[in-house]
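Structure first, commentary second.
Numbering (the working numbering), first residue to last: 1 to 1111.
So, in C-alpha cells, the structure goes:
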C-alpha cells in the first residue's frame, strides 16, 4: 500500500486531524464529567443506604428499650398513686406485695439488659421503687420525668455529655392503670442506659478501615455540634466538639433535616455525606467520605482510558504507515488463524460435523463423526457422503434432493431439524438428529451437516419410560390412593386405586374435589374440608393427616386416613400437594372388635366372683377388680391401689414372701391359702392362684392372682369338724353315760331307800354324802350329754334385751368379785326372740364370766345388743390378751380349756355353742380390731321373730314324771289288810338296779317280777291271766338283745292297753333314738339316774289312773 499523501489532500488531512483532536478532547472532557457524576451518584446511594440501615438498627434498639419500659409500666400499673400508709391494712398489704414484686422485676430488668438505672416515679415525681443496685436519678432526669407526666408521652432525655467517653440515655415511659391510653396516668418508668457500651458499638462497627468513610451520631449542644460516637479518624473521645470535622449536612440531620450530597466542613474540605435524623431523639446520623477519595476511582479510570486512547492513536498511525505488501501477508495470517480457529472448533465439537461440496463429496469429517460412524478422517475425506453414511434406501432421495437444491435453491429439508437413520462402518443403523445448512461465500455450493448420535438419548428415554411404567405399575398395584393437586386444588394425577373407572379418572384431571363430589353425589362438606386442608398445606408447608368417613357406591361405610404432603419446588416454595389415602375400614372394624373384646374381658374380670389382681414384687397393687375391692372392704379402686400389700393386706407380712418363694420353686401352679385382713382389720382366709410373670432373663417382674374368700367355707368346715367331733364324742359320751347312769341309779336307789329307815346320825350323814356325790356325778353326766345332744328346751317369745338384763343381773356380783368393769348397752329398739330363756341366759352368763376372767382386775367387759335386719346381734368384748392363733381353731372343742387345772372343765363354750346352734343361730369368736384395742370378741347371732305373727314354738321335752310339788308317792305302800298285792314287773338288764327296785317295792308290799331284757318281759306281760296282770311295768329303753323300744312297738301292735301301765327309763334321753321315741310315745319316760321319789310319783299316776278306769 502507498502511504504517501498527495499535496492536494494535505490541507484536508490537517483539517481532519484538527477536528479529530477537538472532538477527542471534547469527548474526553465529557467522559471525565460523566464518570465523576456517576461515581458521586453511586457514593450518594451507598452512603444513604448505609445511613438508613444504621438508622433502622438504632431505632430498633431504641424501640427495644422503650418496650422494656412498657413491660415495666405494665407491671407497675397495679400500684396506685395513693401512698401505702393511707390505705387500710388489707389494701396496704396488697400494695406492699405489689411493690415488692415490682422491685424484683426492676432488678431482673437491670441485670438482664445492663441498665445503669431503673426507677418507678409516682405522680409527684418521687421514686417509689428502683432496682437494688440502681444509680439514683439526676436532677435532669427527675425534671424530665415530671415533663413526661405532664405530656403523657414516652420520651428520651438528651444524651448526657458530662463525662467524655461516657454517653448515657434515659428513657421515660408513662404508666397507665389499664391498657387504654385515655386512662389517667399513675406514674413513670425510667431506664438509664450507657449508650457508649450498648448502642454506639452498632455504629463503630460500620467504619471502613483504611478509608475516610466514617459514621457518627451527632447532636447539637448549644451552638456546637457534639459527636456522640467515637470516630476512627479522630483522636477525640465521644462527647467532644467536632465542629472542625462535621459537614454542613450533619447540622441539618441533628435538627431533623435529612439529605445526601456534597458538602464542606468548617475547614473548607469537600466531603460527600448523607445525614438522617433518628426518630424520637435530637440526634443526627452522618456517614461521609472525602470527595477526593470518592472520585479517586474515576480519576484512575480516566487516566487508564486516556492511555488506551493514546495507544490506539499510536497503533492506528503505525498501521496506516504499513505498506500494501504487508497487507496481504496480514490477510493470509488472519485467514490461517481463522482456519485454525475453525478447525479447533470443529475438532472440539461434541456433535458430528460433516461438510460436502456440490458433488456430494465429503470435505470435512470431525473427530465426533469419526467416533460416531466408525470411519477415520482419511477414509471419509473425498468419498460421497451418500455411499458412506446414508443407508441404501435413502441414497436416491438424498441425491435427488441435492440436485434439486443446486438447480432451484429449493429444499424441503434444508435448515430443518430431523431424525433419520445413519449407517455405521460396521453395517448397522443407528438414529441421528440432522441439520443441513448451506455455507455461503465459497463460490460453488458447499454444505455443512450437523449430526447428533441419538443412541444414548434413545436408550435413556427408553429407560426412563421403562422406569415410569415400572413405578406406575407399582402405584396401580398398591391399595394406597395417590393424587397430585395444584395450588387451586385441581387434580394433576390420580392413581387407579383412588378412582377405578378410567373415564372418571381422566375426567377428574384439572377438576377439584367440589366438582368430583358433586358428580358422585357425596357430602359437599367433606369436599370443602379437603380443599381447606390443601390450602393449609400450601400456606404452611407442613404435612397434615386427617380421617374421613363416607358411604361408597354400594352404601357401605368406608373409613380413610388422608395425608397431604407438600412437594417443594426449585424455588423452595410448595409447588404441588401429594395426597395419600389409606383405607382403614378393616382396621376400624378390627379396632371395634378389639374394643368389644376388651370390654368383654374387662366385664368378665369385673363381674368375676373371684378377686383378681396384678401386683409388683415390692408389694403394690397394679390392677384390681371389683370383687377384690369388695372382698377387702375398700370403697374404690384408687384406695386399694394405694395400700401396701405386706402391711395392709396380709395379717403376717412375712407370709407373702414365703408364698412367693414357694411359687417360684414349684413347676405347677397350685392354690395356696393365706391369712388376709380387711380394711377394718377383720381377718379373712383366702385361697390364691398366683402366676409369676418373669422377663427374658427369668427375673420376676410382677404377680397375677385369683383370690377366693374361703373364710365362710373354712368356718363351715371347722363347724362341720366340730359337729363331727361332737357327734363322735356324743356317741362315746352316750355310751359312757348309759353305763355310768346304771350304777349311779343303783347307788341312788339304795341310798335313798336306806335313808327311809331309822339309823344313827353318823350313818344318815354317810348316806347323805353317798347320795350327794351320786347326784353330783349325775349332773356331770348330764353336762356331758348336753355337749353332744340337743338339749330339751322350752321356747317362749321374749324381748332379747330382757334376757340379757336378767343374765347381767345374775352375773354382776361375780364380775364385781373379779374386779372388772361391766358396760351394758342393749339399745332402744325391742328385739323379739323366741328362745329358751334359761339356755340363752346360761350362754350370756358363761361369756360374761369368761370375759371378766380374761380382762382381770381393772379390765373392762362390754356387752351390746343390736337388731340387724332379721337378726339379733349380741357382742361380748373384753380387754384381755385376746385369743391366740393356735387356740382359735380349738376354742369350742369340748374339754379344751386355757384355764389352770381344776378351774374349768372346758365344756362352757362347747355347751354354749350347742345351745345357740339349737336356736338356729351362730356363736363366733374373734379378736377385736387393732384400732379398737386388744381383747377378744364373742358374737351371738339369733333369728328375730315378728312380734305380731310369730308362731308358738313346740316344746320338746321328755314325758317325765310329775313335778315335785305333786307330792311324794302315796300308792307305793300296800295296805296289809288288802287281799290282793299289787304286782310290778321290772325289765332291766342291770342286776343292781333290779335288786334296788325289788328291795324298794318289796319292802312296801309289792309283788315283784324281773326280766333281763324286753323279750322276756314281753312274754311275761302277754302271758298274764286275768286277775294276775301287772299293775305297773318299769322297763329300760336300751338293753342288749331286745330293747324297751322294741317292746313298746310290740305291745302297741298286740296289746296297746298295756302301754298305760308302763314306765320307761333311760340313761340318755337326748340321744336321737330316745328323743324320737319320747316324741311319739304317751308313756312316762324317766331319765337315769332318777330318785325313788320321782319314781313313786310316776307309779302313783299309773295306779290312780287304773283306779279311775276300774270305777
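Cβ atoms here follow ideal geometry from the backbone N, Cα and C, with glycine treated the same way.
Rounded C-alpha distance that separates residue i from residue j
| i | j | result |
| --- | --- | --- |
| residue 456 | residue 474 | 26 Å |
| residue 257 | residue 544 | 54 Å |
| residue 533 | residue 567 | 15 Å |
| residue 476 | residue 498 | 9 Å |
| residue 146 | residue 72 | 18 Å |
| residue 641 | residue 1075 | 57 Å |
| residue 61 | residue 100 | 29 Å |
| residue 1012 | residue 747 | 19 Å |
| residue 465 | residue 387 | 35 Å |
| residue 383 | residue 458 | 29 Å |
| residue 615 | residue 622 | 5 Å |
| residue 529 | residue 603 | 39 Å |
| residue 452 | residue 531 | 48 Å |
| residue 755 | residue 765 | 10 Å |
For residue i, the nearest candidate out of the options (CA to CA)
| i | options | result |
| --- | --- | --- |
| residue 1091 | 1065, 1072 and 1083 | 1065 |
| residue 983 | 638, 1005, 695 and 628 | 1005 |
| residue 44 | 184, 11 and 295 | 295 |
| residue 488 | 339, 356, 514 and 253 | 514 |
| residue 186 | 126, 990, 873 and 539 | 126 |
| residue 134 | 116, 1100, 93 and 212 | 116 |
| residue 541 | 829, 519, 849 and 578 | 578 |
| residue 889 | 714, 945 and 775 | 714 |
| residue 1032 | 118, 1105 and 1073 | 1105 |
| residue 816 | 800, 826, 856 and 836 | 856 |
| residue 828 | 795, 835 and 864 | 864 |
| residue 873 | 690, 933, 830 and 390 | 830 |
As assigned by DSSP and simplified to three states, the class of residue i
| i | result |
| --- | --- |
| residue 529 | helix |
| residue 775 | helix |
| residue 108 | helix |
| residue 184 | coil |
| residue 44 | helix |
| residue 758 | coil |
| residue 885 | coil |
| residue 1039 | coil |
| residue 769 | helix |
| residue 732 | helix |
| residue 634 | coil |
| residue 546 | strand |
| residue 410 | coil |
| residue 1008 | strand |
| residue 357 | strand |
| residue 557 | strand |
| residue 677 | strand |
| residue 362 | strand |
| residue 834 | strand |
| residue 695 | coil |
Beta-carbon separation (whole angstroms), residue i vs residue j, contact threshold 8 Å
| i | j | result |
| --- | --- | --- |
| residue 192 | residue 168 | 6 Å |
| residue 274 | residue 41 | The pair is not a contact, with the Cβ atoms about 12 Å apart (cut-off 8 Å). |
| residue 550 | residue 480 | Wrong, their Cβ atoms sit about 17 Å apart, outside the cutoff. |
| residue 1060 | residue 1022 | Not a contact, Cβ separation roughly 15 Å. |
| residue 907 | residue 892 | Actually they do not touch by this definition, with Cβ atoms about 10 Å apart. |
| residue 818 | residue 853 | 6 Å |
| residue 608 | residue 625 | 6 Å |
| residue 682 | residue 929 | 7 Å |
| residue 229 | residue 289 | At roughly 17 Å, the Cβ-Cβ gap does not stay under 8 Å, so residue 229 and residue 289 are not in contact. |
Identified DSSP bridge partners for residue i
| i | result |
| --- | --- |
| residue 172 | 155 and 190 |
| residue 438 | 447 |
| residue 283 | 219 and 278 |
| residue 866 | 873 |
Residue i: CB within 7 Å of a non-hydrogen atom of the ligand COA
| i | result |
| --- | --- |
| residue 432 | As far as ligands go, the structure on display features none, and thus does not contain the ligand COA. |
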